[in-house]
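To start, the structure itself, in C-alpha cells.
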Amino acid sequence: MIRTCTLHHYGCNIASDLVESQNGSSYVTVLLSLREVSKTYGSSNLPAVDGISFECQGGEITAIIGGSGSGKSTLLRIIAGLEIPDSGHIVLNGIALNGFSQFVPPEKRDCTLVPQDYALFPNMTIRQNVFFGKRAQDKPTRIRELLELTRIEKLEHRYPHQISGGEQQRVALVRALATNPSLLLLDEPLSNLDQELRDSVRTELIDLFRKTETTALFVSHDTDDAITMADKVIVLRDGKAVQIGTPTVVYNQPTNSYIALLFGKTNLIPLEIFPKARYNFADSESGLQVVSVRPHELKLVNKDTSQCSPHFSGKVLSIQSKGNSQEVILDTKELTLTASFPISHRIHVGDLLTVAVEENQSM
Numbered sequence: 460m461i462r463t464c465t466l467h468h469y470g471c472n473i474a475s476d477l478v479e480s481q482n483g484s485s486y487v488t489v490l491l492s493l494r495e496v497s498k499t500y501g502s503s504n505l506p507a508v509d510g511i512s513f514e515c516q517g518g519e520i521t522a523i524i525g526g527s528g529s530g531k532s533t534l535l536r537i538i539a540g541l542e543i544p545d546s547g548h549i550v551l552n553g554i555a556l557n558g559f560s561q562f563v564p565p566e567k568r569d570c571t572l573v574p575q576d577y578a579l580f581p582n583m584t585i586r587q588n589v590f591f592g593k594r595a596q597d598k599p600t601r602i603r604e605l606l607e608l609t610r611i612e613k614l615e616h617r618y619p620h621q622i623s624g625g626e627q628q629r630v631a632l633v634r635a636l637a638t639n640p641s642l643l644l645l646d647e648p649l650s651n652l653d654q655e656l657r658d659s660v661r662t663e664l665i666d667l668f669r670k671t672e673t674t675a676l677f678v679s680h681d682t683d684d685a686i687t688m689a690d691k692v693i694v695l696r697d698g699k700a701v702q703i704g705t706p707t708v709v710y711n712q713p714t715n716s717y718i719a720l721l722f723g724k725t726n727l728i729p730l731e732i733f734p735k736a737r738y739n740f741a742d743s744e745s746g747l748q749v750v751s752v753r754p755h756e757l758k759l760v761n762k763d764t765s766q767c768s769p770h771f772s773g774k775v776l777s778i779q780s781k782g783n784s785q786e787v788i789l790d791t792k793e794l795t796l797t798a799s800f801p802i803s804h805r806i807h808v809g810d811l812l813t814v815a816v817e818e819n820q821s822m
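Taking our numbering, the leading residue of the sequence shown gets 460, the next gets one more, and so forth.
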C-alpha cells in the first residue's frame with residue numbers, strides 16, 4: 460500500500476511516498492528521491508547526467524557503478540550540492556534541495572561527502588580531525604562510540620601520515636558520521652586500498668553502516684564493491700541509468716550486453732540456441748537476442764547429454780589457472796565459450812569436452 464504526504468520547504472510542495480511494510484504496522488520512508496535529474500557542462504551537446512531517477516530508502520546501501528565518463532561522480536556531486544543540476548528534482552529526508560528557483564547549499568544539506576582522498580587535515584592529529592567543526596564538537600559521546608566501533612581510539616594522537624590507508628579511511632568515516640547525517644555519500648571509498656585490504660574493509664564498512672543504521676550511497680568503478688556491499692545497484696552509461704536493481708538481479712539478469720560484460724566475463728549465447736532461457740536481451744553489436752551465461756554456469760557433462768538443453772561440444776583451445784579454479788576456452792561449432800571449472804578437473808589443451816548450462820539458467 461502506498462500513501463502520499465505533502466512536504467513543505469521554501470514555499471514549494473513535494474510529494475513523497477511512504478511505503479507500508481508487509482506487517483502493516485510500520486512504514487519505510489524514501490529518504491532520497493531523484494526525479495529526471497540532468498546536467499550538461501558548458502557548450503557540450505552530451506549531458507554528463509541525463510534524466511536520472513531513483514530512490515534510496517532509509518538504512519539502504521546504494522552503489523552507483525559505471526566506467527569513466529559515465530556520470531557517476533557528477534551525480535554524486537549534484538546530490539552533495541557541489542554541482543547544480545540543469546533540471547530535475549532532488550528531495551532528501553523530506554526537504555526539496557532544488558527547483559522552483561531554490562537551491563540548498565552543501566553546508567545546509569543533511570548529508571556528508573567522504574571524498575576519494577579522504578581530505579584529512581595533515582597538520583592535525585586524528586583527534587583534531589574528527590572533532591573539527593562546531594557540529595562535531597557538540598557530539599563527543601557519539602564520536603567516542605564511533606572511534607571505538609572503528610577501533611582507532613588508540614590512534615588519536617597520531618597524524619594522518621603516521622597511519623595506514625585503511626586507518627585513514629576509518630578516520631574520515633568517523634568524522635563524516637560524527638554529526639549523524641541522514642545520508643552518507645562516498646566517492647570511490649576503496650580505490651586507494653590494495654586488493655587484500657579492500658576485501659577486509661568492505662566487510663568493515665558493511666558492519667559499520669548496519670550498526671550505525673547509516674543510509675549510504677557510494678560511487679565506484681569496481682563491480683565487486685557493488686556486489687558485496689550494496690542493497691541496490693544503479694548502473695550508469697553515458698549519463699543514463701541503464702539498470703537499477705539488487706546486485707543479484709543486475710549480475711544474473713542484465714538488460715544489455717554492456718551491463719553483462721561490466722560485471723565480469725560472460726558468454727553471450729544466441730536465444731535461438733537457448734530458447735528456454737528466462738532472461739534475454741538484444742546484443743548491441745549483433746542485434747540478436749542473446750542470453751548471458753557466466754563461465755561458472757557451464758558444467759562438464761560426461762554422458763546423458765540428451766537430458767541437458769542446451770549443451771555444447773568442442774575442443775579446448777586454452778587453459779588459464781585461477782588458483783582454485785581454471786578458465787577454459789572451448790571452441791564449439793556454434794561459438795567460442797569461456798568456462799570455469801575446479802582445478803581438480805584434469806583438463807588439457809586439445810581435449811574434447813561437452814558442457815551444459817546449469818539447470819537454473821535454462822528453466
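Just so you know, even glycine gets a beta-carbon here, dropped at the ideal spot from N, CA and C.
Taking its Cβ as the centre, do 16 or more other Cβ atoms sit within 10 Å of residue i, making it buried, or is it exposed?
i, result
"A685", "buried"
"Y738", "exposed"
"N588", "buried"
"H804", "exposed"
"F580", "exposed"
"T594", "Here residue 594 turns out to be Arg, not Thr, going by the sequence shown. By the 10 Å Cβ count, R594 comes out exposed."
"G530", "buried"
"L811", "exposed"
"I543", "exposed"
"T662", "exposed"
"A474", "Annotation note: pLDDT 37 at A474 (below 50); position unreliable, no value reported."
"E566", "exposed"
"A522", "buried"
"G501", "exposed"
"Q779", "exposed"
"R629", "buried"
"E495", "exposed"
"N783", "exposed"
"E756", "buried"
"N482", "Residue confidence is low: N482 scores 40 on pLDDT, short of 50, so the model does not pin down where it sits. Its coordinate-derived value is still stated next. The residue is exposed, with fewer than 16 neighbouring Cβ atoms inside 10 Å."
"P648", "buried"
"P599", "exposed"
"G592", "exposed"
"S485", "Below a pLDDT of 50, predicted positions are generally treated as unreliable, and S485, at 46, falls in that range; the measurement from the model is reported next regardless. S485 should be labelled exposed."
"S532", "buried"
"Q498", "The sequence shown places Lys at residue 498, rather than the Gln named in the question. Per the 10 Å Cβ criterion, buried."
"Q451", "Look at the range of the chain in this structure, 460 to 822, and you will see that residue 451 is not part of it."
"I802", "exposed"
Run through the DSSP bridge pairs and tell me what residue i is partnered with.
i, result
"V775", "L789"
"T571", "L643"
"L676", "T521 and L644"
"L429", "This structure leaves residue 429 out entirely; the chain is present only between 460 and 822."
"T795", "D790"
"P801", "S784"
"F513", "L493"
"A741", "Q748"
"H548", "R494"
"L759", "V814"
"G558", "Q561"
"N726", "V752"
"V709", "BP columns for V709 are empty, so no partner."
"Q628", "BP columns for Q628 are empty, so no partner."
"R696", "K699"
Assuming residue i contacts residue j (C-beta within less than 8 Å), just tell me the rounded distance between them.
i, j, result
"L642", "D569", "7 Å"
"V749", "L730", "6 Å"
"V775", "G525", "Rounded, the Cβ-Cβ distance is 35 Å, inconsistent with contact."
"L551", "L491", "5 Å"
"R627", "Y577", "One detail in the question is off: residue 627 reads as Gln in this sequence, not Arg. Q627 to Y577, Cβ: 5 Å. Contact."
"R601", "A637", "6 Å"
"F733", "P769", "5 Å"
I'd like to know whether the C-beta atoms of residue i and residue j end up nearer to each other than 7 Å.
i, j, result
"T571", "A507", "no"
"F584", "H620", "Checking the displayed sequence, the identity of residue 584 turns out to be Thr instead of Phe. No, the Cβ-Cβ distance between T584 and H620 is not below 7 Å."
"V489", "E519", "no"
"V814", "F771", "yes"
"P754", "T797", "yes"
"V678", "D646", "yes"
"L535", "I511", "no"
"A689", "P706", "yes"
"V752", "I728", "yes"
"P574", "G540", "no"
"S716", "D683", "no"
"L656", "G625", "yes"
"G517", "T673", "no"
Discussion item. Taking contact to mean 3 or more Cβ pairs, one atom from each stretch, closer than 8 Å, check whether the region 695–708 and the region 493–508 are in contact.
Written reply: A contact exists between the region 695–708 and the region 493–508.
Fill in: Contact between the region 602–613 and the region 624–638 (3+ Cβ pairs under 8 Å)
yes
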